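These notes are about the structure you will find just below.
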DNA sequence: AATTAGCACTCAAACATAACGAGTGCTAAC
DNA sequence: GTTAGCACTCGTTATGTTTGAGTGCTAATT
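Chains as they are written, first to last, in the numbering used here: chain A, 4 to 347; chain B, 4 to 347.
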């Protein structure tokens, strides 16, 4: 489809544009060491590449910039893996060497590290609660009729719900319920809580509790509500360093989109596919991100998907570097988490 | 000090400038209905006001804008309380009519409401944990050597710490410790936990626990670490609507400052004074906020300071409206919270 | 047949100039 | 004390000019 020379030129053009954010003309290309053709030849090739849709002009007599299709092709076919900087490597390693007791903390630090290394904005979808196992359950009455339900997972995550107790439930009922639940539901993944409730707990409750129907109904509703995982951000203001975001209107649109956590959650959650995933410009489902690219990688615990690491930057993003970084970090994270939480 | 006419002119100038963000000239002022002097007279007065430092020019032949001293004077002396819009009133009332079980939720909604009504950015310092009382304490072992400590307050707040257990502490030690603590520390305000630990618990532990010193030491360290309360934001992107923030560099500086939660926490915490507090421009301790004003109001539970509501906007802020709003909301919030959490 | 030199053409960006007008300060008259 | 009048200032807007980096196309060269 594309000649070797066209590939070379496209490669150079995109590499340079990613670096300088400025349209590239035939003459600049021809002057490079690795190019031995005249600018006229380059011009012809550029015209062809443009006709095929890989590059475009900003105005009729301007140099060329990559189109989205161009970036796509670049990412799919031209990507030469780039060596990680040594000091970045070190920073990642030291992230895991620091003693961090809380998983949330580790994730938060990862988000900051990612944004600092890349100079883009990082987004991390917190560890999926859905697949972690119940370690302990506690109900603490707060005032008459209301209580706090606390669920603790094997990853040390604490989930809490403030709830209204069914009327007529007294302290001893509550205690018995909690005891039954703890006895029967420990080690059960959150995703199975509801089923297990009927399989294991129902019978016991029937014999031990007075108004067991109400309580059962109450618990069913409780286990229903799937909490969406937390979204962590790093380097939100890095976006403002990019020349494509010198216009406040654009910044506003993007920030407004980013602040909608449920939207972002959905966007990142789509990319639950193994490995690295790159969404360029309009490939993103969020309109306001049409000038951005999103690169995602997922991390897991013991083979079970746990969350997503993502970098958000302009379409003119340093794809090779970011991809390498995310690949490394997601794998390291998976390794460390599996080691820490899967053995128990 | 200032003549009535000067007061009037200053009042008009600031009011208009707050509305339109444009320097005001003598002619525009003289054309107003409530002014019966010629532009020349106004010019003389403006020159005097400038000499006194209340207003300034953007360039030698421009109209005048208020100086920080001008705003200060305006806030201290010229503020005419403005009637709240009816629909804003309604929104505030309905905020408290919605059934919201969790205090955090209520605060979050308040932040959003504040930013929506004012079109500025709102910041709320979450309910002070320090003065709430312990309702229940729980320690859940997660893996060998580590556990999660959970503290639940009478306001339904859940505080958690992942901790390393002292070596040699086994399950039964843990259980006994938790029992003792729950028995002796329930109802104790967080601020007194440490003292009470020595007064009430020490003796009991000595008789019931093997390695009581280690455990005591462990708990002491734990109760030491004062968690700074959460900072809630609303309408962060509203800043971008202001004409004074059309320059991306300024936005970046401000956002970077705002993202530093500990700085913001400190800033708001200073204003623990009763009632409304207004900080104009450079009066703010944070350099990057020199183009901003911050208006704060504190809310409390049963007379005990609990947190701070704040609105961050350009120095050219609608002071009367914002002050009225914050006053109302902080009082309402105090009333509702006191009612909800003080009676128990 | 592929490459390149040459040239007319395009267009954004930079610069210069002028006109406009909203503002000022000051003086002299009311 | 107030106001009319006027020269002056200076940012804004509009307009035209120049520059230069780029193009596409054609014809000559390899």
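Cβ atoms here follow ideal geometry from the backbone N, Cα and C, with glycine treated the same way.
Computed from a predicted model, the values in this text were never measured in an experiment.
Under 8 Å Cβ-Cβ, which residues of chain B neighbour residue i?
i: residue 104(A); result: 149, 165, 166, 167
i: residue 258(A); result: 239, 240, 243
i: residue 254(A); result: 243, 251, 254
i: residue 45(A); result: What residue 45(A) touches in chain B: nothing, since even the nearest Cβ is about 35 Å away.
Quick one: what's residue i bridged to in DSSP?
i: residue 307(B); result: 304(B)
i: residue 141(B); result: 153(B)
i: residue 316(A); result: 296(A)
i: residue 164(A); result: 152(A)
i: residue 255(B); result: For residue 255(B), which the question treats as bridged, DSSP gives no partner whatsoever.
i: residue 146(A); result: 149(A)
i: residue 338(A); result: Answer by DSSP bridge pairing: none, since residue 338(A) is not bridged.
i: residue 243(A); result: DSSP output for residue 243(A) lists no bridge partner at all.
i: residue 27(A); result: 67(A)
i: residue 136(A); result: 192(A)
Contact check, residue i vs residue j under 8 Å by CB: the rounded distance?
i: residue 11(B); j: residue 126(B); result: About 35 Å separates the two Cβ atoms, so there is no contact after all.
i: residue 302(B); j: residue 336(B); result: 4 Å
i: residue 326(A); j: residue 279(A); result: 5 Å
i: residue 286(B); j: residue 260(B); result: Actually they do not touch by this definition, with Cβ atoms about 15 Å apart.
i: residue 188(B); j: residue 137(B); result: 5 Å
i: residue 317(B); j: residue 83(B); result: Residue 317(B) to residue 83(B), Cβ: 21 Å. No contact.
i: residue 281(A); j: residue 128(A); result: Not confirmed; about 17 Å, so no contact.
i: residue 300(A); j: residue 330(A); result: 6 Å
i: residue 54(B); j: residue 70(B); result: No, residue 54(B) and residue 70(B) are not in contact; Cβ-Cβ is about 12 Å, not under 8 Å.
i: residue 76(B); j: residue 57(B); result: 6 Å
i: residue 74(A); j: residue 241(A); result: Contact flag wrong, Cβ pair sits at about 20 Å.
i: residue 225(B); j: residue 204(B); result: The pair is not a contact, with the Cβ atoms about 13 Å apart (cut-off 8 Å).
i: residue 152(B); j: residue 145(B); result: Not a contact, Cβ separation roughly 11 Å.
i: residue 251(B); j: residue 193(B); result: 43 Å between Cβ atoms; not a contact.
i: residue 161(B); j: residue 149(B); result: That pair is no contact at about 19 Å.
i: residue 223(A); j: residue 207(A); result: That belief does not hold up - the Cβ atoms of residue 223(A) and residue 207(A) are roughly 15 Å apart, past 8 Å.
i: residue 3(B); j: residue 32(B); result: Residue 3(B) lies beyond the residue range present for chain B, which begins at 4 and ends at 347; the question has no answer from this structure.
i: residue 243(B); j: residue 254(A); result: 6 Å
i: residue 88(B); j: residue 27(B); result: At roughly 25 Å, the Cβ-Cβ gap does not stay under 8 Å, so residue 88(B) and residue 27(B) are not in contact.
In chain A, which residues lie less than 8 Å from residue i when you measure between Cβ atoms?
i: residue 161(B); result: 151, 153, 161, 163
i: residue 249(B); result: 251
i: residue 95(B); result: None at all; the shortest Cβ gap to chain A is about 23 Å.
i: residue 68(B); result: Correct list: empty, because the minimum Cβ distance to chain A is about 21 Å.
Report the neighbours of residue i on chain B: residues whose CB is nearer than 9 Å to its CB, in chain order.
i: residue 183(A); result: Within chain B, no residue comes near residue 183(A); the closest Cβ sits about 18 Å away, beyond 9 Å.
i: residue 352(A); result: Since the first residue of chain A shown is 4 and the last is 347, residue 352(A) is not available in this structure.
i: residue 326(A); result: Those do not exist, as residue 326(A) stays about 27 Å from chain B at its closest Cβ, beyond 9 Å.
Run through chain B and tell me which residues come within less than 7 Å of residue i, C-beta to C-beta.
i: residue 198(A); result: Per Cβ cutoff of 7 Å: no residues; residue 198(A) is ~24 Å from chain B at best.
i: residue 314(A); result: Those do not exist, as residue 314(A) stays about 18 Å from chain B at its closest Cβ, beyond 7 Å.
So with CB distances below 7 Å, who are the chain A contacts of residue i?
i: residue 58(B); result: Ordered by position in chain A, no residue passes the 7 Å Cβ test against residue 58(B), which lies about 28 Å from the chain.
Could you tell me which uninterrupted beta strand (DSSP E) segments, each at least 3 residues in length, are contained entirely in the stretch 168-238 of chain A, listed from first to last along the chain?
-> Runs found: 234-237.
Return the residues of the stretch 116-142 of chain A that lie within a Cβ-Cβ distance of less than 8 Å from chain B, sorted by chain order.
-> 138, 139, 141
Quick one: complete alpha helix (DSSP H) runs, 4+ long, within the stretch 259-285 of chain B?
-> 264-273
Near-chain A residues of the stretch 261-286 of chain B (beta-carbon distance less than 9 Å), N- to C-terminal order = Answer in chain order: 262.
What residues in the stretch 10-41 of chain B have a beta carbon less than 7 Å from any beta carbon of chain A?
-> none
Output, in sequence order along the chain, the residues in the stretch 286-305 of chain B whose CB is closer than 7 Å to any CB in chain A.
-> none
Hey, which unbroken runs of the beta strand (DSSP E) at 3 residues or more fall wholly within the stretch 77-129 of chain B?
-> 124-128
Secondary structure, alpha helix (DSSP H): runs of 4+ residues fully inside the stretch 34-69 of chain A = 42-54
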